[in-house]
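**Student:** Structure incoming, see below.
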Amino acid sequence: MEYFIQQLINGLTLGGMYALIALGYTMVYGVIQLINFAHGEFFAAGGYVGAIALAYFAGVGYMDSHPVICLTASFMIAMAYCAYLAVGVEKIAYKPLRKQSRLAALLSALGMSIFLSNGMMLTQGVYDKVYPSELFQGRFDFGMVTISYLQIMIVSLTACLLVGLNLLVFKTKIGMAMRATAQDKTMSALVAIGSNRIISLTFAIGAGLAAAAGIMYGLYYGSVKYDMGFVPGIKAFAAAVLGGIGNITGAMIGGLIIGMVEIFGAGYISGEYKDVFAFIILIGVLYFKPTGIMGENIDDTRV
Amino acid sequence: MIQEFKKVWKQYTIGMLWLLGLLWPMLGIHADGTLTFQKTVTVWSYLLAGTFVCLLIYVLNTSGYLKFVVDPISRTTGKIKSATSALPNWMWFTLVLVLALIYPQLAGRYGTDVAINVLLYICLGLGLNVVVGLAGMLDLGYIAFYGVGAYTYAILNVTYGLAFWVCLPISALTACIAGCIVGYPTLRMRGDYLAIVTLGFGEIIRIILNNWMTLTNGPNGILGVKPIGIYWPIFENGFTFEHLWVKKLQLFYYFALGLAIVVAIGVKHLNFSRVGRAWESIREDETAAELMGVNTFIYKLLAYAMGAVFAGMAGAFFAARMKFVSPESFTFLESAMVLCMVVLGGMGSIPGIILGVLALIALPEVFRQFDSYRMLIFGATMIIMMLFRPSGLIPAKRVGTRSEEKEG
């Protein structure tokens, strides 16, 4: 039983990160019906910028005196950087292809993904970038179950970001504009919603969330690598599909389920095949219920 | 010209400043608490100069200042084109074939090695072309079938001692079965889901190869795969056959060339057969194809299976040549590279794909000092091709004419 609860907590931590990445996929897909292959690279870039910023703060010496401020600043910097990156990527690689065939946009996205991950490799080196481990050393012990401070931080920050995103999308005017653009670009343009701007904004928000997940991943596992965006990217995509692509609540639930399945699969079935479970879920969902558990939020415009 | 330039300079400036902002945090912030600008600015100014030259040429071209250069070039290329198209196709084939046959005599060991690589990738590219170019389904796990073919030969050869020529059809068959297993559940999906699911399947196959210790020896791979064996007739003391191992690189080159030719002819015949027309109709409009009585499911499955068969055969050759297989040869990046070749050359066009493979395998060998930039350039190539020339370097010839082409 203790083992089960321990795994539940680990799964919650991992699932929260997947949910944050999955949101970017699902939001972009909702607005322009494109699988953004480069999204995993936004996640990796966030992890990198976070590592760079934390190392810089440690080098200057602020890390010892104000750890919380430094961590917050790193999150801010990484999220801003990835938002900035995503807007640039969208303008170069996706916007000119919006009228072209699906295959063209998809291939362009794939090329962008390879380009970005290799760009990171060339600028930052092939080796792992280490995160400082002295942050969040403590842990709570409840008998056999332990919860580290880091896990609490990750879960609570994830929850805050998810709630914030929900408020943004469902309660504000910008969110209303985003939902309108996702439903019908022409009609929303008629009521004076600039679709280009909304699409850029969607990319920026999605990439910002992925960057936050990237830093959490780095803190949780201790290091980041240039190609680390690939596998979590596919798993997060599986989460987005599981929840019903285009559906924001679905992506959150899907991310949690994928995280849980991975942790429990690794714990009870086989650790070596842990990456396989997410793919099997993805294939199973697409085969039996392609609209996902929460249903797709957009009209079926695909052929 | 000034007016033309005015239109683009603003976008260009914003773009380059944006790039500077993206580069600086990656290059300029250091762990010892210092900030530098020099390296960023150096890299950036190279990029600035390069893109500025491209932009200048583009602007000059659109405003017609380069007519004195462009017009003669286009006239000469037009002349060359008309002269070459006057020659019958078979002359071209003979020319290429003769060049390919005498190549190992001219090139050294290293050149032959690269050429074998090129030939195997041509087989892979042509196989993927069946799936992506003809049937229009994006397959991102294609390299897995190559892996299945390679492992089939390696396991059968090392464990049971079966000969290459027995294993070649078995490799093709297992790859075909793997293709059907992957294809059957995925083909009901819509285009872009298919891409990600094939990616997932490719990863699953790689993970299985990596972890099934008893069968595949895990990440260590399988050592000691035998090369191709042939029976060579000798005429001393009557007429007997001697068993030979194809160990010499030059000899292996001819086998790879033979495989590439078989695959190329096979793909060409598939393309211009009833099956090829069915694939093309599915690619252009699946619903319309189904209405016209094309059994889309069977044909899509067939496309998968055919692509997998070609990859499986190439895989068996790969195993025989390397004498070693390990899961590391079959990663997603390999799939992406083969896809990049198909895209660069022109989806659906056989000479295009051969050109694409030459460009992406042979050119990096020439520019060895830029080896670390290889994948970066692959990615950029894919984007640039999609932006400026989506049909590839040598676009495929279409079987019929389409209504919009007639109008235009």
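Protein sequences, first through last, are from chains A and B.
Per my numbering, the very first residue in the first sequence carries number 1; after that it's consecutive.
Per my numbering, the very first residue in the second sequence carries number 1001; after that it's consecutive.
All residues carry an ideal CB built from backbone N, CA and C; glycine is no exception.
Computed from a predicted structure; not experimentally measured.
(1) By how many angstroms is the C-alpha of residue 1134 of chain B removed from the C-alpha of residue 1271 of chain B?
(2) Is the beta carbon of residue 1354 of chain B less than 8 angstroms from the beta carbon of residue 1267 of chain B?
(3) So, for residue 29 of chain A: in the same chain, excluding its five sequence neighbours on each side, which residues have a beta-carbon less than 6 angstroms away from its beta-carbon?
(4) Hey, does residue 1292 of chain B have any beta-carbon neighbour from chain A nearer than 8 angstroms?
(5) Do you know how far the Cα of residue 1110 of chain B is from the Cα of residue 210 of chain A?
(6) Name, going along the chain, the residues of the segment 1207-1230 of chain B whose beta-carbon falls closer than 7 angstroms to a beta-carbon of chain A.
(7) Determine the chain B residues that contact residue 180 of chain A at a beta-carbon separation under 9 angstroms, and present them in chain order.
(8) Closer than 9 angstroms by beta-carbon distance: list the chain B residues that pair up with residue 93 of chain A, in chain order.
(9) By Cβ distance, which residues of its chain are closer than 8 angstroms to residue 138 of chain A, with the 5 residues on each side in sequence left out?
(10) Taking Cβ to Cβ, would you say residue 1102 of chain B is nearer than 8 angstroms to residue 1253 of chain B?
(11) Would you mind working out which of A/22, A/16, A/32 sits nearest residue 196 of chain A, comparing C-alpha positions?
(12) Taking Cβ positions only, does residue 1351 of chain B come closer than 8 angstroms to chain A?
(13) Our contact map puts residue 1294 of chain B next to residue 1281 of chain B with C-beta atoms below 8 angstroms; I'd like the distance itself, whole angstroms only.
(14) Residue range of the beta strand (DSSP E) that residue 1233 of chain B falls in?
(15) Give every residue of the same chain whose Cβ lies closer than 7 angstroms to the Cβ of residue 236 of chain A, excluding the five residues on either side of it in the sequence, and list them in chain order.
(16) Looking at the structure shown, is residue 1242 of chain B part of a helix, part of a strand, or coil, going by DSSP?
(17) Take the Cβ of residue 1237 of chain B as the centre, count every other Cβ of all protein chains shown within 10 Å, and call the residue buried at 16 or more, exposed below.
(18) Say the cut is 7 angstroms; is the CB of residue 1241 of chain B nearer than that to a heavy atom of the ligand MN?
(19) Between the segment 59-73 of chain A and the segment 185-205 of chain A, do at least 3 Cβ pairs fall closer than 8 angstroms?
(20) Take residue 1333 of chain B and list the residues in its own chain whose beta-carbon comes closer than 8 angstroms to its own, dropping the five residues that flank it on each side.
(21) So which residues on chain A does residue 1288 of chain B lean against when the C-beta distance must stay under 7 angstroms?
(22) For a minimum of 4 consecutive residues, which ranges assigned as the alpha helix (DSSP H) are wholly contained in the segment 240-278 of chain A?
(23) In terms of residues, what are the limits of the alpha helix (DSSP H) holding residue 64 of chain A?
(24) Where does residue 1326 of chain B fall in DSSP's three states?
(25) Note down, in chain order, each residue of its chain lying with its Cβ closer than 7 angstroms to the Cβ of residue 1154 of chain B, except the 5 sequence neighbours on either side.
(26) Round the Cβ separation of residue 161 of chain A and residue 80 of chain A to the nearest angstrom and send it over; I've been treating them as touching at under 8 angstroms.
(27) How would you write the range of the beta strand (DSSP E) that residue 148 of chain A sits in, first residue to last?
(28) Considering Cα atoms alone, identify which of B/1033, B/1047, B/1009 is closest to residue 1020 of chain B.
(29) Report the rounded CA-to-CA distance for residue 1055 of chain B versus residue 1034 of chain B, giving the unit in angstroms.
(30) Determine the extent of the alpha helix (DSSP H) in which residue 139 of chain A is found, giving its start and end residues.
(31) Pop quiz: residue 151 of chain A and residue 13 of chain A are said to be a contact at Cβ under 8 angstroms. What is the actual Cβ separation, rounded to whole angstroms?
(32) Bridge partners of residue 1223 of chain B, per DSSP?
(33) By the three-class DSSP mapping on this structure, what secondary structure does residue 285 of chain A have?
(34) Can you find at least 3 beta carbon pairs, one from the segment 77-94 of chain A and one from the segment 1362-1380 of chain B, that sit closer than 8 angstroms?
(35) Quick one: what does DSSP say residue 1029 of chain B is sitting in, helix, strand or coil?
(36) Do residue 1198 of chain B and residue 1141 of chain B count as a contact pair if the criterion is CB distance below 8 angstroms?
**Tutor:** Reading it off the structure:
(1) So the two alpha carbons sit approximately 7 angstroms from each other.
(2) Judged by their CB atoms, residue 1354 of chain B and residue 1267 of chain B are not nearer to each other than the 8 angstroms cut-off.
(3) Spatial neighbours of residue 29 of chain A in its own chain (CB-CB distance under 6 angstroms, excluding positions within 5 residues in sequence) are listed in chain order as 245, 246.
(4) At a cut-off of 8 angstroms between beta-carbon atoms, residue 1292 of chain B makes no contact with chain A.
(5) Near 45 angstroms, if we compare the C-alpha coordinates of residue 1110 of chain B and residue 210 of chain A.
(6) Closer than 7 angstroms at the C-beta level to chain A, one finds these residues of the segment 1207-1230 of chain B: 1207, 1211.
(7) Within chain B, no C-beta atom comes nearer than 9 angstroms to that of residue 180 of chain A; the closest sits roughly 23 angstroms away.
(8) By Cβ distance, chain B contributes 1383, 1386, 1387.
(9) So the qualifying residues of the chain are 148, 149.
(10) No, the Cβ-Cβ distance between residue 1102 of chain B and residue 1253 of chain B is not below 8 angstroms.
(11) Nearest to residue 196 of chain A by C-alpha distance, out of A/22, A/16, A/32, is A/32.
(12) No, residue 1351 of chain B does not count as interfacial toward chain A.
(13) Indeed they touch by this definition, with Cβ atoms about 6 angstroms apart.
(14) Element bounds for residue 1233 of chain B: 1229-1234.
(15) Cβ contact annotation for residue 236 of chain A (same chain, cutoff 7 angstroms, sequence separation greater than five): 18, 21, 22, 25, 255, in chain order.
(16) In the structure shown, residue 1242 of chain B adopts extended strand secondary structure according to DSSP, grouped into three states.
(17) Counting Cβ neighbours within 10 Å, residue 1237 of chain B comes out exposed, since fewer than 16 surround it.
(18) The ligand MN is absent from the structure shown, which contains no ligand whatsoever.
(19) The segment 59-73 of chain A is not in contact with the segment 185-205 of chain A.
(20) If you ignore the 5 residues before and after residue 1333 of chain B, its C-beta comes within less than 8 angstroms of the C-beta of 1375, all in its own chain and listed in chain order.
(21) Correct list: empty, because the minimum Cβ distance to chain A is about 10 angstroms.
(22) Runs of the alpha helix (DSSP H) inside the segment 240-278 of chain A: 248-264.
(23) Per DSSP, residue 64 of chain A belongs to the alpha helix (DSSP H) from 62-65.
(24) In the three-state scheme derived from DSSP, where H, G and I count as helix and E and B as strand, residue 1326 of chain B is classed as coil.
(25) So the list reads 1222, 1225, 1319, 1325, once near-sequence residues are dropped.
(26) Not confirmed; about 14 angstroms, so no contact.
(27) For residue 148 of chain A, the enclosing beta strand (DSSP E) begins and ends at 145-148.
(28) For residue 1020 of chain B, the closest alpha carbon among the candidates B/1033, B/1047, B/1009 is that of B/1047.
(29) Taking the straight line from one Cα to the other gives about 35 angstroms.
(30) Secondary structure note for residue 139 of chain A: it is in no alpha helix (DSSP H), and the uninterrupted beta strand (DSSP E) holding it is 139-142.
(31) Confirmed, about 5 angstroms.
(32) Among the bridge pairs identified by DSSP, residue 1223 of chain B is matched with B/1324.
(33) Residue 285 of chain A sits in a helix when the DSSP states are folded into three classes.
(34) Segments in contact, no.
(35) Residue 1029 of chain B falls in the strand class under three-state DSSP.
(36) Yes; because the gap between Cβ atoms is below 8 angstroms, this pair is in contact.
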